[in-house]
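Position 438 of the sequence shown, counting from 1, maps to 438 under this note's numbering, and the rest follow consecutively.
Read the structure below first, then the notes.
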Amino acid sequence: SYGGDSTYASSSSSSVTETVESGSYSLDLSSYTPTTGSGTYNSHTVDYKLYSNVVYAADPVSTTYETMNIFVPTSVDGTSVSDMPILLEIGVGGYLSAAAGSTPGTNGQYAMGKGYVVVEVGCRGRDNGSSGNYYGVAPAAIVDLKAAVRYLRYNYTEGTFTGDVSHIIDSGGSAGGALASLLGASGNSTLYDSYLAALGAADADDNIFAVGAWSPITNLDHADGAYEEEYSSLEYSGSTVNSTVSSALISEFETYQNDLELTDKRGSLGTLTSSNITEYILEEYMEPSLEKYVESNGTSSAPSYATCAASSSSTYGYTCTFTFANYVANSIGTRGKSAPAFDAFFDITSSSSYYDTVVNTSCPAEALEFGNPSGTASTYSGTNCSTGSPRHFTDYTSEAMDDTDISSSMQTLVDMMNPMYFITNAISSGDTSGVAKYWYIRDGTIATDTSAYIIVDLATALENLRGTSYVNSWEDWGEGHNVETDPSGFSSWVTSSVA
Ligand code: DHB
């Protein structure tokens, strides 16, 4: 259960004891006294007010995590600023709990330099609690982030907060990128109402204006199939993965890809299906990525499987062509995860099933994220499995392990964690009001934490929803998982979006 008078021993490394009293936190920012500070951010001198450790819900479960630090610049290089756009930095990794950052992160420093309000937000995660009370499992993290957004908007309405709440931009990487995307896609959805009410969240809207997401580990109900679609030919830890599992997941993903009915932004391929999506990713993402890389590093920097030639008509001055298979085999080379990559077979016992041969030895972050909040610590053998009460969250793995599909309540939870659920609903209904207007999405071409199909489907669904000019998506050549190569570029993109 959530809220109420409780003492929790956090399982995080600092081992904090939290005492929370019901309804004891004011939702009024003016109940906090800000400190003042001054610093240099991206070569600008910024004076600011800082509201520290602001508890953003009236009935928090954890005052260690459900807090934020709010930096409100008052002047930049001597010129006063007010009512500026707000950057909400989400520091989550691995679907773990995250305390609010005490200083602006990389993007936050650029934002501070422009006089933007910077909010370092904390939230619960899958590691919180202990057997019988895992209070940070899904959907806790997104509920918390929504409560934080509502708090800002509520205090703006009350006149106690000076930030431009109609221009809230979030940012995050990996699991934090997934949450940044989810916050951006699920604005004002009633699905979270009971959870927000239990937290005593402020009564205000929780939609945001723009999203910055690096390598979002998202669309978890389709990520296993997308992983096989890209990496089935590669070995994991020196072994091939089970081909029955891999093929079944591929066929499931291809059905999903076809059902999405997304369209090519160039117009030449039309509807993106399982038979042309790979060509699309190659030509729209991977080849341009190498072309830009070659523009900076010369043709000799291109891998030998690629043919690159100068071309004055090409955006980056070069055309590079190669096959997707060569790119996967030579630039990626090995899988980062076994099959299924996310909803793994961690709990197999010694039955005679062929699945025995593909069992993971560690519980993946995602099965713990979808863990049972009131479950007991699992006794499955294997790394991490006892740090929570992990549950399967896909029909495929659930059937393979337990001969049953996931429950409808689990499906609801999975939907509540998937931005694609909200974006595809918005495409069907035509109601875009809950989906952030602007999106900046990045991944690296050699990242194997998730599949490029997940990243490209997310970007393409958003382009199909509102138009290509609202989505800035890119694969960085030669970069791995969750690498921000151009914070200045993100900052400029934010400035042009809010203009
Ligand atoms: C993260 C990375 C993963 O590979 C994953 O499955 C979940 C989260 C992360 O870095 O946050």
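Ideal Cβ placement from N, Cα and C applies to all residues, glycine included.
Any non-hydrogen atom of the ligand DHB closer than 6 Å to residue i Cβ
i, result
"A365", "yes"
"D343", "no"
"V224", "At residue 224 the sequence reads Asp, which differs from the Val that was named. Not so, every heavy atom of the ligand DHB lies at least 6 Å from the Cβ."
"D449", "yes"
"G93", "yes"
"A141", "no"
"I454", "no"
"A198", "no"
"A499", "no"
"I217", "yes"
"A175", "yes"
Beta carbon of residue i nearer than 7 Å to that of residue j
i, j, result
"G122", "A141", "no"
"Y470", "K437", "yes"
"V76", "G115", "yes"
"S362", "N384", "yes"
"N188", "G434", "yes"
"S174", "N418", "no"
"Y280", "A204", "no"
"A339", "V414", "no"
"S274", "N258", "yes"
"N464", "T263", "yes"
"M416", "N219", "no"
"S331", "I406", "no"
"R514", "V117", "Beyond the ends of the chain as shown, which are 1 and 499, falls residue 514; an answer cannot be given."
"S386", "S374", "no"
"G467", "G444", "no"
Any C-beta of chain B under 7 Å from that of residue i
i, result
"G115", "Any reference to chain B falls outside this structure, which holds one protein chain only."
### Message
For the pair the stretch 335-349 and the stretch 216-236, tell me if three or more CB-CB distances fall below 8 Å.
### Response
yes
### Message
So, does the stretch 183-198 touch the stretch 236-250, judging by three or more C-beta pairs under 8 Å?
### Response
no
### Query
In chain order, which alpha helix (DSSP H) runs of at least 4 residues are fully inside the stretch 369-410?
395-402
### Query
Using 8 Å as the threshold, is the stretch 287-299 in touch with the stretch 307-320, meaning 3 or more CB pairs across them?
yes
### Query
Between the stretch 369-379 and the stretch 253-271, do at least 3 Cβ pairs fall closer than 8 Å?
no
### Task
Mind listing, in chain order, the continuous alpha helix (DSSP H) runs of no fewer than 4 residues lying wholly within the stretch 134-184?
If we require 4 residues or more, the alpha helix (DSSP H) runs fully inside the stretch 134-184 come out as 140-157.
### Query
For the stretch 448-456 against the stretch 487-498, are there 3 or more C-beta pairs whose distance is under 8 Å?
no
### Query
In the stretch 280-342, which residue ranges form an unbroken beta strand (DSSP E) of at least 3 residues, counting only runs that do not cross its ends?
307-310 and 318-321
### Touching by the beta-carbon criterion (3+ pairs, under 8 Å), the stretch 115-135 and the stretch 87-98
Under the 8 Å Cβ criterion, the stretch 115-135 counts as touching the stretch 87-98, having at least three qualifying pairs.
### Task
Kindly confirm or deny that the stretch 39-55 and the stretch 127-134 touch, where touching means at least three C-beta pairs closer than 8 Å.
no
### Query
Which runs of the alpha helix (DSSP H) spanning at least 4 residues fall entirely within the stretch 434-489, listed in chain order?
452-466
### In chain order, each alpha helix (DSSP H) run of at least 4 residues that lies wholly inside the stretch 235-288
The qualifying runs are 243-260 and 277-281.
### Message
Within 8 Å, do at least three Cβ pairs link the stretch 158-171 to the stretch 68-86?
### Response
yes
#### Entry: Contained beta strand (DSSP E) runs [length at least 3] in the stretch 56-108, N- to C-terminal order
67-76 and 85-90
#### Entry: Uninterrupted alpha helix (DSSP H) stretches inside the stretch 189-213 (no shorter than 4 residues)
193-199
### Query
When the Cβ atoms of the stretch 55-67 are set against those of the stretch 198-218, are three or more pairs found closer than 8 Å?
yes
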